[in-house]
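Take a look at the structure set out below.
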Amino acid sequence: MLIWRTLCARETGSPEHLRRHAMDSVCSNRGFALALLAMFACADALMLASCGGGGGAAPPAAPPLAFALPGPLQKTYGDSPFTDLATGGAGTGAITYSTSNASVGRVGATTGTVTITGAGNATITATKAADGSANSQQVSYSLTVTKASQSITVSNAKPLAVFIGQPQTSPVTGGAGTGAFSYSSNNPAVITVDPGSGVVLAVAPGSAQITVDKAGDANYNAAAQATFTVDAIPKTIQLHGWIGISDTVVSAVPAVPTVGLFRSASASCDLSQYSSCPQGQFNVFGSSTIADSAATLSRPAYYWLQHGPYISNPALITPTKFSPRAQAQMIAFNGRLWVIGGYDGQLRNDVWSSADGSTWTQVLANAPFSARDAFALAVFAGRLWLIGGYDGTSLNNEIWSTGDGLTWTQVTVSPNFSPRSGHGLIALQNRLWLIGGADGGALRSDIWSSADGFTWREDSAAAAFSPRSQFGVTSLNGKLWLAGGYTGSVGANDVWSSTDAINWTQVTAAAAFTPRYAHQLLAAGTELFVFGGFDGVTGHPRDVWSSSDGSNWQQMTATADWSQRVQSAGTVFNGALWTTGGYDPLNFARYNDVWQSSDGQHWTQATPLGPFEGRYAHATAVVNGRVWVIAGFDGSGRADVWSSADGLDWQEATASAAFQARYGLQAVSFGNQLWIIGGNTGALTLPNDVWSSSNGQTWSQVTAAAAFPGRAQHQSLAFAGRLWVIAGADSSSLLSDVWSSTDGITWTQATASAAFTPRSNHQALVFNNLMWVIGGGDNSGARNDVWSSADGVTWTQVSGAAAFPGRFDHAAAAFNGRMWVI
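So for the sequence shown, the working numbering puts the first residue at 210; every next one is plus one.
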């Protein structure tokens, strides 16, 4: 202040009171006085003007420094940049901007534009620089940035279609944050999902819902849950079809309710326009069967399965199928499976082919070579070769060849090697090799080969292994392998290998599997497989063994899904093991079922004989408008129950009824109930129990021990308000007794020895108010006699020798006023 007064006094020479007045004015505003001191000298006139002297009005004060939006401001992460400018404030100093938390928002130093960088809180400050007339000034606002929402999306609204055992990535996208995804399945017994990666894996057929979560992070809230459905089916589905005159009833095993079935009479049908194709049809299986009118007894059709985006190759549906047989041959050739010849009660020379093992086409009903079995079949030089076998009269050594399975040429009428059966035939190192077998006079271990199938040379008269037939031979890793076979009195379980088919090395003298013959030896992938056959120990084993070196063998299963059998046929096709046919000598059964396996442990039936397993010695009855099939034998006793209203569409009432598995039982309709009586359970003592059911599913034991002796292969019927049991066989002898009951509990013996001979496997029926017994087997053999009775006590022989030949295990029925024997 002293300086100011000195300056004013010296420069103006104005009256003291003026200077004092001006000074007082200046002193009333220090900020203003300092500004004047810094900017200019205090001339009287200027000072008076600036300080309001001279009696003029004072100028208005500058507005304070302020933001257009004073805050607090609230934004969401992900919002666009925004600008909130500060204006006002004294002086002309430049305004700059700063942030207290750049991880939440960055601000342009001169523009004031804020770019959001994260969720959280920050303070944005504007600073106006000091100048000659004003000090530095600041103003701030608070900024809160909340977390953004995020969403996850299922890319396909339709269910995800997967196959069992085939991993699939979850169809989920979105979720902008870095939080982890997590997945869960509501049915892990069917569909599993990796909780972190979301990889879906089906372990059983069916459906499941997958729930997807995505966690929040520093800038995003957790996403709302998303869900999607997964439908899983096996890679191989069995279609069961009952082909009729006007339509085919189709069902799938296992049930595949989400799978669609296209049908057409044309294999080239454009499925996107299926309705324009000949007999074009499409249905989803749902919970029922499909009635298809494309395939009939007189018209084949093609079927395609659709599972989500996947559509199968067309399968030809035709009512034809090769007959049950043994000692046929099965082979893979030209991308198809082939079954040729064999014995089905008579020798065959038919040729059958299939692209999938399920649908078969008869290529030839009678090939030019004679009907035969026990022959050998191999693929060599792009052709199929058939050599030797038994034609019902003699062994032969004929050589036949074909390039397409249709046209066969006899290559050599009589080659140098002897006629034989049960031999091996295989290709190695550009030659076709014939090994061992039986030539009628002896077992052989000789080895012959040919470079063209025409000219043959003997490479060894006696190989290192013992003479044998019905052995297995295959190739793996550039070697030939030979295992087991019939050596004269027993089977063998030795394993041999050779790199040239001439010099053989014994890999093991006794493999882990039992000695056997009429078995299969196949090579798939890097493994050798042995299965089936006759071993003289367990009978007809259903075991499957594998080995990578021929020495160390691992049992894949002790009981494969197919029934016991010998002389089946087998091959490797599309990387899987296949087998078909064969004979069960214990039960006098031949088979034409086809099975496949990718690992030797799990087998799938490609061409089942019907919705239920093939069987015999089962029971049938008609109750409440339905046909019932109960229990029976398919290699072992069964306890399943099936029914049908039309003989086409069959439903399983129970896979395992309360009664013990059995065969040779009887079923009868009585009092609106289904009844079963006796049978063979495999025990030494046959049962004499009685069971009943109103629905085929729930069974009640009426009595555990009826008055009549336990039995099987008997007959039961309902007559005159009573249940009847007639003859059969107990554990030691045939029977001719007759028993009856009004309630299934209390039984009365009508006769201990009826007039007909003791017998079993006969037939009984009701006709013209009489009970009838027809045929069966007694101690003298098959019978064709016919007996009748009005009371079960007195039996009259109607015919001692009916026109039909003697028989047992036949069927008989009363229909349209006549009795029928079938």
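Backbone N, C-alpha and C fix where the C-beta goes; we use that ideal spot for every residue, glycine too. Treat the numbers as computed from the prediction; the structure is a model and nothing was measured.
In this structure Gly601 is not in contact with Arg629, their Cβ atoms being roughly 16 angstroms apart against a cut-off of 8 angstroms.
Within 10 angstroms of the beta-carbon of Glu607 lie 16 or more other beta-carbons, which makes it buried. Looking at the DSSP output, Thr780 sits in a beta bridge with Trp787. In this structure the segment 320 to 333 lies against the segment 290 to 306, because at least three pairs of beta carbons, one per stretch, are closer than 8 angstroms. Going by C-alpha positions, Gly341 is about 23 angstroms away from Phe276. Bounds of the beta strand (DSSP E) holding Trp804 are 803 to 806.
Residue state for Ser521 is assigned as coil, using DSSP reduced to three classes.
Gly986 and Ser969 do touch by the CB rule: their CB atoms are close to 6 angstroms apart, below 8 angstroms. Between Ser391 and Pro404, the C-beta gap is smaller than 8 angstroms, which places the two residues in contact.
One Cα belongs to Ala848, the other to Phe868, and the distance between them is close to 7 angstroms. For Gly984, the enclosing beta strand (DSSP E) has its first and last residue at 979 to 987. The segment 924 to 935 makes contact with the segment 875 to 885; the number of CB pairs closer than 8 angstroms reaches 3 or more. Scanning its chain for C-beta atoms nearer than 7 angstroms, with the 5 sequence neighbours on each side dropped, one finds around Ala671 the residues Ser654, Asp655, in chain order.
In the structure shown, Leu795 falls within a coil segment according to DSSP collapsed to helix, strand and coil. Nearest neighbour of Phe842 by Cα position, chosen from Phe584, Val850, Asp808, turns out to be Val850. In this structure, Ala504 keeps its C-beta atom at 8 angstroms or more from the C-beta atom of Ile520. Each residue's CA atom was taken as its position, placing Ala798 and Gln773 some 10 angstroms apart. Judged by beta-carbon spacing, Ala343 lies beyond the 8 angstroms limit of Gly297, meaning their Cβ atoms are not closer than that value. Just measuring C-alpha positions, the residue of Trp617, Gln619, Gly591, Gly631 sitting nearest Leu604 is Gly631.
Ser658: member of the beta strand (DSSP E) spanning 652 to 659, first to last residue. Take Phe437, set aside five residues on each side of it, and the residues of its chain with a beta-carbon closer than 7 angstroms to its own are Val363, Leu369, Pro380, Ile419, in chain order. Rounded to the nearest whole angstrom, the CA to CA distance from Arg508 to Ile454 is 9 angstroms. With a 10 Å radius around the Cβ and a threshold of 16 neighbouring Cβ atoms, Phe740 comes out buried. Of the candidates Cys486, Ala541, Ala476, Ala476 places its Cα closest to the Cα of Tyr512. Counting along the chain, no beta strand (DSSP E) covers Trp956, and no H or E run does either. Taking C-alpha positions only, Trp762 is separated from Ala564 by approximately 32 angstroms. Non-local C-beta neighbours of Leu895 in its own chain, meaning closer than 7 angstroms and more than five positions away in sequence, comprise Gly887, Asn889, Gly919, Arg920, Ala921, Asp939, Ser940, ordered along the chain.
Cβ neighbours of Trp900 within its own chain (closer than 6 angstroms, five residues either side excluded): Phe868, Ile885, Trp908, Gln910. Boundaries of the beta strand (DSSP E) harbouring His516: 510 to 516, taken from the DSSP string. Remark: C-beta atoms of Ala299 and Ala335 do not approach each other more closely than 8 angstroms.
Each of Ala464, Ser903, Asn395 was checked against the Cα of Gly834, and the nearest Cα belongs to Ser903. Closest in alpha carbon position to Asn796, among Ser777, Trp787, Trp665, Ser845, is Ser845. As a beta-bridge residue in DSSP terms, Arg847 pairs with Gly841, Arg871.
For Tyr800, the three-state secondary structure derived from DSSP is coil.
Per DSSP, reduced to three states, the secondary structure at Tyr726 is strand.
In this model, Ala828 and Ala964 are separated by some 26 angstroms (Cα to Cα).
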